[in-house]
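Per this note's numbering, the very first residue in the sequence shown carries number 129; after that it's consecutive. One structure is given below, encoded as structure tokens.
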Amino acid sequence: MLARYRYRIEPTAVQREALSRTFGCARVVFNDALRCREEARAAGQALSSAEVQRRVITAAKTTEHRVWLSEVASVALVQSVQDSHRAYRDFFDSLSGKRRGRRVGKPRFKSGKDHRQTFRLTRNGFRLRPGGRLYLAKIGDVAVRWLRDLPCEPSSVTIIREPDGCYHASFVVEVEPTPLPLVERESGVDLGVTRLATIACTGGTRRDVVNPRHLARAQRELTRAQRALARKVKGSSNREKARRVVALRHGKVARARRDVHHKLALELVRDNQAVYVEDLNIAGMVRNRRLARAVQDAGWGQFVQLLKQKAERHGRAVHTVSRWLPSSKTCSVCGNRMAIMPLSIRHWTCPGCAVAHDRDFNAARNILAAGRAERSNACGAEVRPPFGGRRASKQEALHSRVGNPREWRARQMVTNNEAESRYEIHVDGRLAGFLEYRDVGGVLALVHTEVDDAYAGQGLGGKLAKFALDDVKARDVKISPLCPFVAKYIDKHPEYRVTIR
């Protein structure tokens, strides 16, 4: 498997000027490659990656306005063109459905005002000297702070200039997996703001990890530094000094947060054979202006990413549980589910079994149970944890072709409350959306609905609406849509108007 080893480098003043030229030339070539592809598309031409590279590097060096491209290593320019090609490929694969996950945006031009600059060199553009120095083509031997040895010969190196003015070299190396001895312990992790993580283990033990709140603790110093920056004249040397002070503060916060995440992730991987976490919609959470700073300060996304990387290297398993699992408001003892559970309620008592729950620990136990149930399914399909005897009563296959062939499947779930109806739709075995209705005086009223952003614009809402309306029509009951895609589907199909209240 591939891994990155990052080290601090200390270039001289002359080398810093050469690095700045290389950063600038790599950025210009990347932008020229994007512009070349856009012009070819507007003209109806199809250009290969080799032709784009010839135009923006080989041919451009012979022109007067790009002759200075010869002053830097051609390896960095070629890799910059490859980056632009990869950006377009990811964009088109995302549009066609070949690439899963969140939609990838159209490639954008790089700005010289971005204070973080990078370029990449392959093996013919750098060399490790016997004395410990790093040779970079057309730059020279650069001093490196070697904190640990490289496990093998690196295949490439990325030179990075951070906003605070520090330089780093990031090597890509091949490392051998180091499996850890098998253990029987498994854990469910509930990530939060008050506590960074609440961990529930199979043995019934609990562990709370305090949230260090690195950004909150440094907020006073950051505020002073940012106010000092705002008072400086734009374009002056004093403003650049003040900007570096702010960048240094932010860099210190980021390094402290990353250190905590590395240590916690490694500890979880060493102590557990499998770790279960929620598939949180972090991008949606940060849209809440009251929670955005606290959510970003916790760094859940970085922690989960590190957890998966370390688990892969050490032979452990990390499974994500659906974000729509009502882990906080479902009793982990009897399976009773509360109708509502505001964030202000941190402790609650289950009306079904009279057991007092801590909100976070109860959620961690539910995540552990759901994750173990899903992992035990050999077919890889979505399996609901056995909360209160909840089971699937009806399944209907939906066949659709959107982008790549995918398996669409809808199902109606039976909950503990007979007055509730829940309709789910799955894509390739993963929960992609749901509708929840409650019977109020013979009329089904909408309680909650959600559709995964990854499947937006693929007709999923219409398929889910049809499945729910077919069931409602067969039961001869009325429905109060209160849902955009259900109401839109009824407008397009008049035969379902008889189901409206």
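We put the CB at the ideal spot given by N, CA and C, even for glycine. Fair warning: this is a prediction, and the values are worked out from it, not measured in the lab.
Residue pairing from DSSP places residue 299 in a beta bridge opposite 133, 285.
Taking 7 Å as the cut-off, the Cβ atoms of residue 354 and residue 373 do not count as close. For the set 341, 595, 270, the Cα lying nearest the Cα of residue 138 is the one of 270.
For the options 243, 432, 603, 147, the alpha carbon positioned closest to that of residue 291 is the one of 243. In the DSSP assignment, residue 213 falls outside any beta strand (DSSP E) and lies within the alpha helix (DSSP H) extending over 202-224. Contact annotation: the region 414-426 does not touch the region 363-371, with fewer than three C-beta pairs closer than 8 Å. For residue 347, the enclosing alpha helix (DSSP H) covers residues 347-359.
Sorting 281, 203, 286 by C-alpha distance to the C-alpha of residue 301 places 281 at the top. DSSP places residue 290 in the coil class of the three-state scheme, outside both helix and strand.
Note on geometry: alpha-carbon atoms of residue 460 and residue 493 lie some 6 Å from one another. Residue 248 has its alpha-carbon roughly 6 Å from the corresponding atom of residue 207. With fewer than 16 neighbouring CB atoms inside 10 Å of its own CB, residue 387 falls in the exposed class. A distance below 7 Å between beta-carbons, with the five flanking residues on each side excluded, links residue 443 to the following residues of its chain, in chain order: 305, 307, 308. By the Cβ-count criterion, residue 318 is buried, with 16 or more other Cβ atoms from all chains shown falling within 10 Å of its own Cβ.
The Cβ atoms of residue 339 and residue 359 lie no closer than 7 Å to each other. Spanning the alpha carbons of residue 409 and residue 225 requires a straight line of approximately 20 Å. Listed in chain order, the non-local C-beta contacts of residue 201 below 6 Å within the same chain comprise 253, 265, 266, local neighbours out to five positions each way being set aside. Under the DSSP assignment, residue 255 falls in the beta strand (DSSP E) whose first and last residues are 254-256. In the DSSP assignment, residue 447 forms a beta bridge with 404. Looking at 455, 260, 407, the one whose alpha-carbon comes closest to that of residue 273 is 260.
Scanning its chain for C-beta atoms nearer than 6 Å, with the 5 sequence neighbours on each side dropped, one finds around residue 180 the residues 161, 164, in chain order. Using a Cβ distance threshold of 7 Å, residue 184 and residue 157 count as a contacting pair. Put simply, the backbone Cα of residue 485 is about 27 Å away from that of residue 397. For residue 435 against residue 393, the beta-carbon gap comes to about 4 Å, under 8 Å, which counts as contact. Around residue 390, the same chain offers 434 as residues with beta carbons nearer than 7 Å, after the five sequence neighbours per side are excluded. Rounded to the nearest angstrom, the gap between the Cα atoms of residue 298 and residue 596 is 52 Å.
Between residue 337 and residue 406, the CB-CB gap reaches or exceeds 7 Å. Residue 313 sits close to residue 400, with the two beta carbons spaced by under 7 Å. Taking a 10 Å sphere around the C-beta of residue 481, we find fewer than 16 other C-beta atoms and assign the residue as exposed. Residue 479 and residue 490 do not touch by the CB rule: their CB atoms are close to 14 Å apart, not below 8 Å. When rounded, the separation of the alpha-carbon atoms in residue 383 and residue 170 is 44 Å. DSSP places residue 439 in the helix class (H, G or I) of the three-state scheme. Judged by DSSP secondary structure, residue 378 falls within the alpha helix (DSSP H) whose first and last residues are 365-399. Rounded to whole angstroms, the separation of the alpha carbons of residue 446 and residue 320 is 18 Å. In the DSSP assignment, the residues bridged to residue 475 are 486. Assigned with DSSP and collapsed to three states, residue 432 falls in helix.
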